[in-house]
Amino acid sequence: MALLQLEGVTVRFGERAALDRVDLAVAEHEIVCVLGPSGSGKSTLLRVVAGLQAADEGRVLLDGSDRTRVPAHRRGVGLMFQDHQLFPQRDVAGNVAFGLRMHKVAAAERSRRTGELLDLVGLPGAERRSVASLSGGEQQRVALARALAPEPRLLMLDEPLGQLDRGLRERLVVELRGLFGRLGTTVLAVTHDQGEAFALADRVVVMRDGRVAQAGTPLEVWQRPSSEFVARFLGFDN
Ligand code: ADP
Ligand code: MG
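So for the sequence shown, the UniProt record's numbering puts the first residue at 1; every next one is plus one.
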């Protein structure tokens, strides 16, 4: 059974469907990357799964049970936003532990887990550093640690490396893949960068105008794009 399943999910903003009858399944431990041009519905897809955006039609199932009407904080999914929105007035530990406080984890346990998470994302001992003193890449790592803190069954990342320069992104993608593999994290990530998606994902989903244009392993999509649009989007014509 899929950990996450979307069945015919439609989200409309006025006349326009940001998502148009989307079907999608993510298996446990799988890393799925959603690719697509700007405005194709990628962020809306994550927001619907997180419960931050209501679906006009269709169902969102987690572990086979319908969570379409379950509020965001009870869905057991983590979402790391595009502009990671750290709290600038709190130190690194304060940011990472934020999710744990929300989940009523006791203070001693919070600080132990915060230390572990910072080791995990490559920022050991950074607890008391101020967020403002960190580089863009370091801030991204803090945001990732914060998203991982409540140990979500499903971790969703919206352009997780979007703010970083290419060299750093390429290194972090490899690290992330290793990290998720070790933790057994199920991941649904959004990117508009095909290189990033192909390096990170077990499976990619290409979106166009709120619909799934193609889904498959990176190799399948690379070798057999299902349409002119997918081929063009993946850059085969240049
Ligand atoms: P992507 O993340 O792929 O760039 P989005 O999911 O953000 O795409 O947006 C998909 C479409 O829905 C776009 O046309 C966008 O303008 C529209 N949209 C997204 N959020 C809203 C909103 N809150 N209100 C109105 N339109 C929205
Ligand atoms: Mg987006």
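Idealized CB from N, CA, C, for every residue including glycine.
Please read all numbers here as calculations on a predicted model, not as lab measurements.
Inset, instruction - Just list the alpha helix (DSSP H) runs in the region 85 to 134, keeping only unbroken ones of 4 residues or longer that don't cross its boundaries, in chain order. - result: 92 to 96, 98 to 102 and 107 to 120
Legend entry - E159 and V190 closer than 8 Å at C-beta: If you number the sequence shown from 1, residue 159 lands on position 159. If you number the sequence shown from 1, residue 190 lands on position 190. Yes, the pair counts as a contact, with Cβ atoms nearer than the cut-off.
Legend entry - DSSP-derived helix/strand/coil call for A25: To locate residue 25, count along the sequence shown from 1; it is residue 25. A25 falls in the strand class under three-state DSSP.
Legend entry - Residue list, Cβ distance to the ligand ADP heavy atoms smaller than 5 Å: F13, A18, S38, G39, S40, G41, K42, S43 and T44
Inset, instruction - Check each candidate in L117, A108, F87 and A2 and name the one with the smallest Cα separation from L179. - result: As a working note, residue 179 is residue 179 in the sequence shown. For L179, the closest C-alpha among the options L117, A108, F87 and A2 is that of L117.
Legend entry - Exposed unless 16 or more other CB atoms sit within 10 angstroms - verdict on D20: Within the sequence shown, the letter at position 20 stands for residue 20. Result: buried.
Legend entry - Rounded separation between D237 and G216 - CA only: In the sequence shown, residue 237 corresponds to position 237, counting from 1. In the sequence shown, residue 216 corresponds to position 216, counting from 1. Unreliable positioning characterises D237 in this predicted model, as indicated by a pLDDT of 49, which lies under 50. A coordinate reading is not provided.
Inset, instruction - List the residues that DSSP assigns as beta-bridge partners of V32. - result: Here residue 32 is taken as the residue at index 32 of the sequence shown, counted from 1. Its beta-bridge partners are L188 and R203.
Inset, instruction - State the DSSP-derived secondary structure class of V212, mapped to helix, strand or coil. - result: For this step, residue 212 is matched to residue 212 along the sequence shown. Note: V212 maps to strand in three-state DSSP.
Legend entry - Buried versus exposed call for S130 [16 or more other C-beta atoms within 10 Å across all chains shown]: For the purposes of this step, residue 130 is taken as residue 130 along the sequence shown, with counting starting at 1. Counting Cβ neighbours within 10 Å, S130 comes out exposed, since fewer than 16 surround it.
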